[in-house]
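**Q** After the structure tokens below, expect a handful of questions from me.
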Amino acid sequence: MALTDDRPAGRPRAVRDGEQGGSSGEGGSGTFDRQPPQDLTAEQSVLGGMLLSKDAIADVVEVLRPEDFYRPAHQTVYETILDLYGRGEPADAVTVSAELQRRGELVRLGGAPYLHTLIATVPTAANAAYYAEIVGEKAILRRLVEAGTRIVQLGYHGNEGGEVDEVVDRAQAAVYEVTERTTTEDYTVLEELLQPTMDEIDAIASNGGMAAGVPTGFADLDACTNGLHPGQMVVVAARPGLGKALALDTPLPTPQGWTTMGDVAVGDMLLGADGRPTRVVAATEVMHGRPCYEVEFSDGSVLTADAQHQWLTDTRASRRALQEARARGGAPRVGPAVRTTEEIAATVRCDVADRRVNHSVALPEPLQLPECELPIAPYTLGVWLGDGTSASAAFTSDDPEIAEYVEQDGYRVVRLPDRRYGVRLPDAEPVPTRLCEVCGTSFRPRTSQVRTCGRSCGGRARFVSAPVGEPVCPDCGSPSSGLRRCAACHADHGTVQGLLRSVGVLGQKHIPIAYLRSGERQRRELLAGLMDTDGTVTSTGNLQFSVTSARLAHDVAELVVGLGYRCSMTTKKVAGRSPSSSIAYTLNFTTSDGVFRLDRKRRVHKERDAEHAHREHPRYIVDVRRVESVPVRCVEVTADDHLYLAGRSMIPTHNSTLGLDFARSCSIKNGMTSAFFSLEMSKSEIVMRLLSAEARIRLADMRAGRMSDEDWTRMARRMSEISEAPLYIDDSPNLTLMEIRAKARRMKQRNDLKLIILDYLQLMTSGRKVESRQQEVSEFSRQIKL
1 MALTDDRPAG
11 RPRAVRDGEQ
21 GGSSGEGGSG
31 TFDRQPPQDL
41 TAEQSVLGGM
51 LLSKDAIADV
61 VEVLRPEDFY
71 RPAHQTVYET
81 ILDLYGRGEP
91 ADAVTVSAEL
101 QRRGELVRLG
111 GAPYLHTLIA
121 TVPTAANAAY
131 YAEIVGEKAI
141 LRRLVEAGTR
151 IVQLGYHGNE
161 GGEVDEVVDR
171 AQAAVYEVTE
181 RTTTEDYTVL
191 EELLQPTMDE
201 IDAIASNGGM
211 AAGVPTGFAD
221 LDACTNGLHP
231 GQMVVVAARP
241 GLGKALALDT
251 PLPTPQGWTT
261 MGDVAVGDML
271 LGADGRPTRV
281 VAATEVMHGR
291 PCYEVEFSDG
301 SVLTADAQHQ
311 WLTDTRASRR
321 ALQEARARGG
331 APRVGPAVRT
341 TEEIAATVRC
351 DVADRRVNHS
361 VALPEPLQLP
371 ECELPIAPYT
381 LGVWLGDGTS
391 ASAAFTSDDP
401 EIAEYVEQDG
411 YRVVRLPDRR
421 YGVRLPDAEP
431 VPTRLCEVCG
441 TSFRPRTSQV
451 RTCGRSCGGR
461 ARFVSAPVGE
471 PVCPDCGSPS
481 SGLRRCAACH
491 ADHGTVQGLL
501 RSVGVLGQKH
511 IPIAYLRSGE
521 RQRRELLAGL
531 MDTDGTVTST
541 GNLQFSVTSA
551 RLAHDVAELV
561 VGLGYRCSMT
571 TKKVAGRSPS
581 SSIAYTLNFT
591 TSDGVFRLDR
601 KRRVHKERDA
611 EHAHREHPRY
621 IVDVRRVESV
631 PVRCVEVTAD
641 DHLYLAGRSM
651 IPTHNSTLGL
661 DFARSCSIKN
671 GMTSAFFSLE
681 MSKSEIVMRL
691 LSAEARIRLA
701 DMRAGRMSDE
711 DWTRMARRMS
721 EISEAPLYID
731 DSPNLTLMEI
741 RAKARRMKQR
751 NDLKLIILDY
761 LQLMTSGRKV
771 ESRQQEVSEF
781 SRQIKL
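Residue numbers (the UniProt record's numbering): 1 to 786.
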């Protein structure tokens, strides 16, 4: 029994006398005479209203799709109207007729008179949205009829031996598809989202910070995300944040070495303030003509940034609040805050008599990088860099204890004249003894190729039991003389001197980048070797390292900074053998951590450090000065705290969620209407990030339920201030550009919309077949301007 109309498409049954044009087929003479549900008059009124008013187009496009029209001719007219509307061209009877004529469809549809018939049919264009709802309801009923037919066919298929579970699943899917498109979402004003978000935050806190969503099964991931929540789109790469602009020549540390702001590209890895690698997910084009400043720090570092670059800084007030909080055991009244370069320039000094510096930037954590295989043990390399002979594998020292530590690294230390020590590789395993082929005497040959002793028998064999093979090098496989290695391998890595040559330090002392990016334990061993030889402890417990090589001094400074210490450098002239060695570079840093192996230095450090209780020494901003504009650029990284390291001193610099910051500035600070269309984050997640930024509460604490009473107070205070902000958020999935345009125009008419934020363009699809994804995204970019 067929339940659908069997007439060709485009030829609906003629309306009989006494029937209304909107008949849904009820009351027919029989089952086979029934038409699918439809309302031709409503379809004509919808199209007529769209031809009369562009506002009607904006209302209808949110409700109907072309396939919702019963008559194919009406589908064609609707698609043509949308095409013209999407291109920013007028859509009336004349332009639509011309477009249909160009496509060769006009005659088939009934010509231009039929378009005027559509206009004459509609009572008023103001009711186009209501007519569209009627058409949409009839379309749902048609899909229900079609789903019923498919379910009947599936039932007979199951009766003929099909899998029942699969049949039921497909039948349920068919019914779900009928109503799937009716469950559309719309934008929601911020005030309506605050209470649900507060309820979610309260639920997380009440649950002890445990996963409130769907657990992933990975403990660390659940601890970070509190489980997976409905409405979220989870990307296993973390949520990115977008930063402000730094000069193109700004050095940026990476897990493999260094790059610059001008050279960094999407997909590259940088280092975050927590010491962990963070991925670059976006980078802007080079920007010109922006106001720029030089920011100078107390350790001598200077970075060039634009006026809107952001920094996470403490002020004198927040540092004093922290000290008071530690004394009384509570939470500080004021904490660090994100400030722009321009804001820091206006408050770089405190408004007190001594004009002391105001802003400080926290030190980064030690770099968290994996340990790697190094050709020379780090401590031994540090000893050689500090007191070693530049041209050979030897060092000079008055402390035999250092030689013992080098031996603990697995090397053989040979005592040489003038307090010098030679460093050798461990003795190779001797060639095993064998019997002489001539006389049978047991002997130990010098190489594996020797088969006669040559002592009692003279080595003159009358015959050889087996031919002697051509000797090869066990390392590279090339022909050799039968010794342990060939000459090339011996020179490259057969001795400690060869290893020094292979890593590029023989004759030019420096720290190879592989050591500067090795594991934390390996880098601490390297620093211990350097400090045991050329390091000292001052009378106040500070640590110093002195050397006359500029390259080595900067490398050691990078090593110290990479371990989380603030390091400064001073210079003075000395009587050196050459101009390049006539300047002494002294590095200064302070820590209570053990940086020595040498017992006498370790004891002195411990005693003097205890005598002088060292306060924390952050990196202060001592000056911010306006400079000529230079080309700048910014990058987007995945770090949760929006921080990445910049400059040779690895200064944490801030990233921001740029789109949300724009919305905050527009709606909260300036009271102008903005719309945030998010194809990635849910409304709750967006509002949580907004509250985190406005109340200055760490997002990780908010998500994990670790908020203090002070945090709750600040958040409640800010909620009352931002609840009236005209910020509209829409997290509808699968938004098309046409729907966004229609909603934006409606908001412009009702709320004087000033700013639209789309997060983000790459998640949109056009639903059309295109040659490439790049072409599709380019088309989006073009249409946004229309």
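For each residue, glycine too, the CB sits at the ideal point set by N, CA and C. Just so you know, these numbers come straight off a predicted model, no measurement behind them.
1) Between the Cα of glycine 300 and those of Ile651, Thr41 and Arg170, spot the shortest distance and give me the residue it belongs to.
2) Counting beta carbon pairs with one atom in the region 621-633 and one in the region 268-275, are three or more of them shorter than 8 Å?
3) Identify, in the order they occur along the chain, each residue of the same chain with its Cβ nearer than 8 Å to the Cβ of leucine 52, setting aside the five sequence neighbours on each side.
4) Within the same chain, show all residues whose beta-carbon is closer than 7 Å to that of threonine 80, passing over the 5 residues directly before and after it, in chain order.
5) Does DSSP classify cysteine 292 as helix, strand or coil?
6) Rank Arg103, Met198, Val560 and Ala245 by C-alpha distance to the C-alpha of methionine 702 and give the top, closest one.
7) Do valine 414 and tyrosine 421 come within 8 Å of each other at the CB atom, strictly closer than that value?
8) Could you give the distance in angstroms between the alpha-carbon of leucine 559 and the alpha-carbon of glycine 594?
9) Nearest CA to the CA of alanine 307: which residue from Ala327, Tyr130 and Cys634?
10) Going by beta carbon distance, what residues of the same chain come within less than 6 Å of proline 375, once the five residues before and after it are set aside?
11) Quick one: is aspartate 427 buried, meaning 16 or more other Cβ sit within 10 Å of its Cβ, or exposed?
12) According to DSSP, simplified to helix, strand and coil, what is threonine 673?
13) Compute every distance between the C-beta of glutamate 79 and the non-hydrogen atoms of the ligand SAH, then say whether any falls below 7 Å.
14) Which term fits glutamate 192, buried or exposed, when burial requires 16 or more other beta carbons within 10 angstroms of its beta carbon?
15) Using only the alpha-carbon positions, how far apart do aspartate 249 and methionine 261 sit?
16) So what does DSSP say about asparagine 588, is it helix, strand or coil?
17) List the endpoints of the continuous alpha helix (DSSP H) containing aspartate 534.
18) Could you tell me the distance, in whole angstroms, from the CA atom of lysine 573 to the CA atom of alanine 553?
19) Compare the C-alpha of glutamate 611 against each of Asn542, Glu636 and Gly576 and name the closest.
20) Spell out a yes or no on whether the region 592-609 and the region 513-528 are touching, meaning 3 or more CB-CB pairs, one atom from each, closer than 8 Å.
21) Pop quiz: arginine 419 and aspartate 398 are said to be a contact at Cβ under 8 Å. What is the actual Cβ separation, rounded to whole angstroms?
22) Straight-line CA distance for alanine 129 to glycine 111?
23) Please look up how many angstroms separate the CB atoms of threonine 313 and alanine 247, rounded, as I've assumed it's under 8 Å.
24) Can you list, in chain order, the residues of its chain whose CB lies under 6 Å from that of valine 164, leaving out five sequence neighbours each side?
25) Residues in its own chain within less than 6 Å of valine 77 by CB, not counting five upstream and five downstream?
26) Going by the beta-carbon positions, is the gap between serine 546 and arginine 290 smaller than 8 Å?
27) Quick check on DSSP: helix, strand or coil for methionine 569?
28) Could you tell me which of Lys754, Gly88, Glu636 and Val63 sits nearest to residue 812, measuring between CA atoms?
29) Would the beta-carbon of leucine 679 fall within 8 Å of that of aspartate 759?
30) Since tryptophan 258 sits in a beta bridge, which residues does DSSP pair it with?
31) With DSSP collapsed to three states, give me the class of arginine 339.
32) Going by DSSP in three states, proline 512 sits in which element: helix, strand or coil?
33) Considering only residues of the region 319-400, which uninterrupted beta strand (DSSP E) runs meet the minimum length of 3 residues and lie entirely inside it, listed in chain order?
34) Beta-carbon separation of alanine 245 and valine 632 under 8 Å?
35) Within the same chain, show all residues whose beta-carbon is closer than 7 Å to that of histidine 74, passing over the 5 residues directly before and after it, in chain order.
36) Which class does valine 264 belong to by DSSP, given the choice of helix, strand or coil?
**A** In short:
1) Taking the first residue of the sequence shown as position 1, residue 300 is located at position 300. Looking at the Cα atoms, Ile651 is the closest of the given residues.
2) no
3) Counted from its first residue, the sequence shown places residue 52 at position 52. Taken in chain order, the residues that qualify are Asp92, Ile119, Val122 and Ala125.
4) Indexing the sequence shown from 1 puts residue 80 at position 80. Counting only Cβ-Cβ distances below 7 Å, and skipping sequence neighbours, we find Val96, Glu99 and Leu100.
5) On the sequence shown, residue 292 is found 292 positions in, with the first residue counted as 1. Note: cysteine 292 maps to strand in three-state DSSP.
6) Your numbering for residue 702 matches position 702 in the sequence shown. Measuring from the Cα of methionine 702, the nearest candidate turns out to be Met198.
7) Position 421 of the sequence shown, counting from 1, holds the residue named residue 421. Position 414 of the sequence shown, counting from 1, holds the residue named residue 414. Cβ atoms of tyrosine 421 and valine 414: closer than 8 Å.
8) Within the sequence shown, numbered from 1, the residue matching residue 559 stands at position 559. Within the sequence shown, numbered from 1, the residue matching residue 594 stands at position 594. Each residue's alpha carbon lies about 15 Å from the other.
9) In the sequence shown, residue 307 corresponds to position 307, counting from 1. When each option's Cα is compared against that of alanine 307, the closest is Cys634.
10) Position 375 of the sequence shown holds residue 375. If we look at proline 375 and ignore the five residues flanking it on each side, its Cβ neighbours are Leu499 and Val503.
11) Position 427 of the sequence shown, counting from 1, holds the residue named residue 427. Exposed, because fewer than 16 other Cβ atoms sit within 10 Å of the Cβ of aspartate 427.
12) Residue numbering aside, residue 673 sits at position 673 when the sequence shown is read from its first letter. Threonine 673 falls in the strand class under three-state DSSP.
13) By its list of ligands, the structure shown contains no ligand whatsoever, and the ligand SAH lies outside what it can speak to.
14) Here residue 192 corresponds to residue number 192 of the sequence shown, with the count starting at 1. Exposed: under 16 other Cβ atoms inside 10 Å.
15) Taking the first residue of the sequence shown as position 1, residue 249 is located at position 249. Taking the first residue of the sequence shown as position 1, residue 261 is located at position 261. For aspartate 249 and methionine 261, the distance between alpha carbons rounds to 6 Å.
16) Against the sequence shown, residue 588 aligns to sequence position 588. Secondary structure of asparagine 588 (DSSP, three-state): strand.
17) Along the sequence shown, read from residue 1 onward, the residue named residue 534 stands at position 534. Residue range 520-534 is occupied by the alpha helix (DSSP H) that includes aspartate 534.
18) As a first step, residue 573 is located in the sequence shown; it is residue number 573 there, counting from the start. As a first step, residue 553 is located in the sequence shown; it is residue number 553 there, counting from the start. If you take the alpha carbons of lysine 573 and alanine 553, they lie about 15 Å apart.
19) Residue numbering aside, residue 611 sits at position 611 when the sequence shown is read from its first letter. Of Asn542, Glu636 and Gly576, the smallest CA-CA separation from glutamate 611 is found for Asn542.
20) yes
21) Along the sequence shown, one-based indexing puts residue 419 at 419. Along the sequence shown, one-based indexing puts residue 398 at 398. With a Cβ gap of about 6 Å, arginine 419 and aspartate 398 count as contacting.
22) For the purposes of this step, residue 129 is taken as residue 129 along the sequence shown, with counting starting at 1. For the purposes of this step, residue 111 is taken as residue 111 along the sequence shown, with counting starting at 1. For alanine 129 and glycine 111, the distance between alpha carbons rounds to 26 Å.
23) If you number the sequence shown from 1, residue 313 lands on position 313. If you number the sequence shown from 1, residue 247 lands on position 247. Going by Cβ atoms, the distance from threonine 313 to alanine 247 rounds to 20 Å, so no, they are not a contact pair.
24) The residue you call residue 164 lines up with position 164 of the sequence shown. So the list reads Gly158, once near-sequence residues are dropped.
25) Numbered from its first residue, the sequence shown carries residue 77 at position 77. The residues are Leu47.
26) Position 546 of the sequence shown, counting from 1, holds the residue named residue 546. Position 290 of the sequence shown, counting from 1, holds the residue named residue 290. The answer is no: Cβ separation not under 8 Å.
27) The sequence position of residue 569 within the sequence shown is 569, counting from 1. Three-state DSSP puts methionine 569 in a strand.
28) Here the chain covers residues 1 to 786 and nothing more, so residue 812 does not appear.
29) Indexing the sequence shown from 1 puts residue 679 at position 679. Indexing the sequence shown from 1 puts residue 759 at position 759. Yes, Cβ-Cβ distance for leucine 679 and aspartate 759 is below 8 Å.
30) Counted from its first residue, the sequence shown places residue 258 at position 258. Paired residue(s): Pro253.
31) Taking the first residue of the sequence shown as 1, we reach residue 339 at position 339. DSSP, reduced to helix, strand and coil, places arginine 339 within a strand of the structure shown.
32) Within the sequence shown, the letter at position 512 stands for residue 512. DSSP places proline 512 outside both helix and strand once states are collapsed to three, so it counts as coil.
33) 337-340 and 394-396
34) Translated into positions along the sequence shown, residue 245 becomes position 245. Translated into positions along the sequence shown, residue 632 becomes position 632. The answer is yes: Cβ separation under 8 Å.
35) Taking the sequence shown and counting its residues from 1, the one referred to as residue 74 is at position 74. Excluding positions up to five away in sequence, the list reads Glu43 and Leu47.
36) Counting from one through the sequence shown, the residue named residue 264 turns up at place 264. The answer is coil: DSSP assigns valine 264 none of H, G, I, E or B.
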